[in-house]
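**Q** Just dropping this structure here.
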């Protein structure tokens, strides 16, 4: 066998193995639905039967009251924001979960005065293990009716510019906003209770803010009453509303990008035109080979 | 062609790998940590500060806030070693806050009693308050001990005096001290009140009789009694207050014999029992002369019609539609005749008032903008006369009916063309009249409005498109006009066959089937020839076909040699002659896929020992064919020499090729002979 043939065989084999690995190897990136590790949202996706969308073009049409879960770690374009605004205006529910991302850009576009502070919420007393994982026990009326007593956050932030009637949950009185991020409470730093979840009516739809997307990760969604709280925020009211998680604005590792593109490639190859082209190519190659063989 | 294909494959794989791997990796701030691996950090400062805030609420006499604050401590991050102490502290603070609030309230009442010279009540209340203060002091000790134990566990004595931990610890102890001082002050106030009461003179006595002792609300009852002092001395012209449940209700005056009497209307309070007492306390000139007196409690049994209201609503209600509420007043006895006015609220918003009998069924219309979900329906009936008020609530589940779409769609469609779609839209609560419907099939679509009975019939024109054959989703959006119907999106899978494209492809395949083999064959032949004949080699030694007895090919080559006469042609001349010799001898032929070397190996059986010369000659030929080597005169001579040796060693069957050559081209003989002579 010639060297070139060996090289070709090795490359094809490596490529095939790589494809299989990319396809089956789970993601380890934050908030990825395919990530079964502690920081993925596989449990959330399964429990809530949520679909992942890689583009806001996949949002449901008008008058279809779906739920969009957005974790804006990457900035939205104006076209995307316009699509999102239309979705909420038409009656959809937007659950915007952000701590240190670009959630304020969404709020600004929607004309909502509330803002994510993008600073760490620390609670040295009411917390799980340490102050970066605060526990929240103060809720608006109606939340406790849903058997929600305490939720647990994980490196959360807070909300500001919100009226009391809009707030759904507050941090404890021992919490504070670590403005200078020195992990200590300094004079002048806002003290609890601080708003961490809020709800707004937006035309026909709803906008729900939560200053910590980490409540949805695999290791957090089952802790305390986090599951019930997320369910409450989405306010499905027993209806089978479609839940979509926008994964197009999450930070991705090369593996995730490869997975996405592999899926895209599969979709492209599954189209009639591509299948036709592949068949034609196979036909030409095989015909040529057979003819040369005589 | 094979080489190019390999290059293409390698290029494609490389490109795809780069495409797949290239991405902008964006890193954000650390959004979370694994709770399982998180470090355990306890903050004693935060705990002491929280306790200090709780004690502030105790000092502010706000027991409800204290309870709310401390009931959350189970969610605090506190080491297991401190669980007992923190529980003790929480319990004791909660208790002490309630006790202090009670003590404070009792002191106010004690002060009022002292002002009214009600010595017996002062004594009784002072005793109870002293007990409460004592209990509070005990709880205070438990609380203090809990803080000290927590401090010891944190080794508070070892931390610097001005550290935050030490300061927060001291702050808690300081506030415990403030509470202790407050309790001391309370005890002093109690003692002084008793001392003030005991210094008074002139005890009085008052009696009370009530008839009847059982009455409906609104009825009048009679009361009477006598006010005396120092035994049986009547106190005339004094005001006596009649208290209902401790509050003054009416005031009457004693006559010259100290008697008082009157009537009062049982208030519409709808409680089963009321306590009636008569109170005398010194006023004006009596102050300082007499002690106040309070009659024993007379219990009045109050009658009224108490009802329970049972409400039932439909399982589901729809925005904009009426829903039925059924109710029944249950009095637990034969019901009194008459109507009752009721008010119906939806989520605290009054939507209807009505006068109803004991059992009623009402229809209420929900606002079209009512949100789906659970809503509270509250029906209240105010008290009227002997009927107590009644309020009852029930949960109403507001939803929207999901339309059902009966669709008659063909399983496949030929395009270009149209597809006829018929259907009917309805729901569990009726038909959907004049509903807006949108249908999409790929790029084609149609909008229509259903008829009054929910049926519709339409065609979707489907133009040509790039699809050949495949399934497509027919997506139907239903937008009901009624608020009680939910929008619907449904889809049906349809096999789409594009006749136009299919025809074009069939034609292309047929054309390819006819012409492609020939075209490819020609290209392959040209390709093979191109590879087999390097540009530097003017003539390729073609083997003689096995089925041909003629040597046309060799003759042609010889003619070429004559014209060129190069060293190269001479070498191949001798090679070709030898090949022909071998072919004649073995009847074998060089196959198209066979190399010269393979042919030499195959021919070695026929040549015997001379095979090694042929192998050597073959190598010379390969070298000339597949390299840039320029042959020399020496090579030509060597070739000819090898040829002759092979003939010599191949035995008597060998033949001189010149004879065959002469038949075609006599001129070649001279060249061959000359070469032979030289060797």
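Protein chains in written order, with my numbering: chain A, 1 to 294; chain B, 295 to 973.
Positions of the beta carbon are idealized from the N, C-alpha and C atoms, including for glycine.
This structure is a prediction, so every number in the text was calculated from the model and none was measured.
If you follow the alpha helix (DSSP H) that residue 219/A is in, where does it begin and where does it stop?
**A** No alpha helix (DSSP H) holds residue 219/A; DSSP gives it neither H nor E.
**Q** Using CA atoms only, rank isn't needed, just tell me which of 569/B, 552/B, 430/B, 769/B is closest to residue 737/B.
**A** Looking at the Cα atoms, 769/B is the closest of the given residues.
**Q** Taking Cβ-Cβ distances shorter than 8 Å, what residues in chain B pair up with residue 207/A?
**A** Here the premise fails: no neighbours, minimum Cβ distance about 15 Å.
**Q** Can the beta-carbon of residue 461/B be found closer than 7 Å to that of residue 453/B?
**A** It is not a contact, given that the beta carbons lie outside the stated cut-off.
**Q** From residue 669/B to residue 731/B, what distance separates their C-alpha atoms?
**A** Distance between the alpha carbons of residue 669/B and residue 731/B: 31 Å.
**Q** Assign residue 133/A to buried or exposed, taking buried as 16 or more other Cβ atoms, counted over all protein chains shown, within 10 Å of its Cβ.
**A** The residue is buried, with at least 16 neighbouring Cβ atoms inside 10 Å.
**Q** Mind pulling the chain E residues with CB within less than 8 Å of residue 217/A?
**A** In summary, chain E is missing from the structure at hand, where the protein chains are A and B.
**Q** At a Cβ threshold of 7 Å, is residue 884/B touching chain A?
**A** No - not a single Cβ of chain A is within 7 Å of the one on residue 884/B.
**Q** Excluding the 5 residues flanking residue 150/A on each side, which residues of the same chain have their C-beta closer than 8 Å to its C-beta?
**A** Counting only Cβ-Cβ distances below 8 Å, and skipping sequence neighbours, we find 135, 136, 137, 224, 225.
**Q** Could you tell me the alpha carbon to alpha carbon distance between residue 560/B and residue 569/B, rounded to whole angstroms?
**A** Their Cα atoms are separated by approximately 11 Å.
**Q** Among 392/B, 368/B, 336/B, 721/B, which has the Cα closest to the Cα of residue 349/B?
**A** Nearest option by C-alpha distance: 392/B.
**Q** In this structure, how does DSSP classify residue 927/B when only helix, strand and coil are distinguished?
**A** The answer is helix: DSSP assigns residue 927/B an H, G or I state.
**Q** Against chain A, which members of the region 755-769 of chain B pass a CB distance test of less than 8 Å?
**A** Against chain A - using a Cβ distance shorter than 8 Å - the residues of the region 755-769 of chain B are 760, 761, 762, 763, 764.
**Q** Tell me the DSSP secondary structure of residue 123/A in three-state form.
**A** Coil, per DSSP.
**Q** Using CA coordinates, which residue listed in 562/B, 533/B, 702/B is at the minimum distance from residue 514/B?
**A** Nearest of 562/B, 533/B, 702/B to residue 514/B, Cα basis: 562/B.
**Q** What do you reckon, are the CB atoms on residue 486/B and residue 437/B nearer than 7 Å?
**A** For residue 486/B and residue 437/B, no; Cβs fall outside 7 Å.
**Q** Is residue 518/B closer than 7 Å to residue 542/B when the C-beta atoms are compared?
**A** No, these two residues do not count as a Cβ contact at 7 Å.
**Q** Given a threshold of 16 other Cβ atoms within 10 Å of its Cβ, counted over all protein chains shown, does residue 166/A qualify as buried or as exposed?
**A** So residue 166/A ends up on the buried side.
**Q** In this structure, does DSSP put residue 866/B in helix, strand or coil?
**A** Correct three-state label for residue 866/B: helix.
**Q** Is any beta-carbon of chain A found at less than 7 Å from that of residue 366/B?
**A** Output row for residue 366/B: interface = yes.
**Q** For a contact defined as C-beta to C-beta under 9 Å, what are the partners of residue 330/B on chain A?
**A** Under the 9 Å cutoff, chain A gives 38, 219.
**Q** Evaluate residue 779/B with the Cβ neighbour count: other Cβ atoms within 10 Å of its Cβ, from every protein chain shown; 16 or more gives buried, anything less gives exposed.
**A** Result: buried.
**Q** Helix, strand or coil, according to DSSP, for residue 146/A in the structure here?
**A** It is helical.
**Q** For a quick check, are the C-beta atoms of residue 634/B and residue 666/B less than 7 Å apart?
**A** No; because the gap between Cβ atoms is not below 7 Å, this pair is not in contact.
**Q** Using a Cβ-Cβ cut-off of 7 Å, state whether residue 145/A counts as contacting chain B.
**A** So, not an interface residue.
**Q** Should the region 16-28 of chain A be regarded as contacting the region 46-53 of chain A, the criterion being three or more beta carbon pairs within less than 8 Å?
**A** Result no; under three Cβ-Cβ pairs closer than 8 Å.
**Q** Cβ closer than 9 Å: which chain B residues qualify as neighbours of residue 21/A?
**A** The contacting residues do not exist; residue 21/A stays about 12 Å from chain B at best.
**Q** Using beta carbons (cut-off 7 Å, strictly below), is residue 124/A in contact with chain B?
**A** So, interface residue.
**Q** Hey, residue 792/B and residue 767/B: beta-carbon distance below 7 Å or not?
**A** Not closer than 7 Å, so no.
**Q** Does DSSP put residue 170/A in a helix, in a strand, or in coil?
**A** Residue 170/A falls in the strand class under three-state DSSP.
**Q** Are the region 680-700 of chain B and the region 609-628 of chain B touching by the rule of at least three beta carbon pairs closer than 8 Å?
**A** The region 680-700 of chain B is in contact with the region 609-628 of chain B.
**Q** Considering only their Cβ atoms, is the gap separating residue 246/A from residue 112/A smaller than 7 Å?
**A** No; because the gap between Cβ atoms is not below 7 Å, this pair is not in contact.
**Q** What residue from 504/B, 523/B, 865/B has the CA that sits closest to residue 924/B's CA?
**A** Nearest option by C-alpha distance: 865/B.
**Q** Between the beta-carbon of residue 621/B and the beta-carbon of residue 598/B, is there less than 7 Å?
**A** It is not a contact, given that the beta carbons lie outside the stated cut-off.
**Q** Strictly under 7 Å for the Cβ-Cβ distance: is residue 335/B near chain A by that measure?
**A** So yes, residue 335/B belongs to the interface.
**Q** In chain order, which beta strand (DSSP E) runs of at least 3 residues are fully inside the region 516-590 of chain B?
**A** If we require 3 residues or more, the beta strand (DSSP E) runs fully inside the region 516-590 of chain B come out as 533-538, 541-547, 553-559, 567-574.
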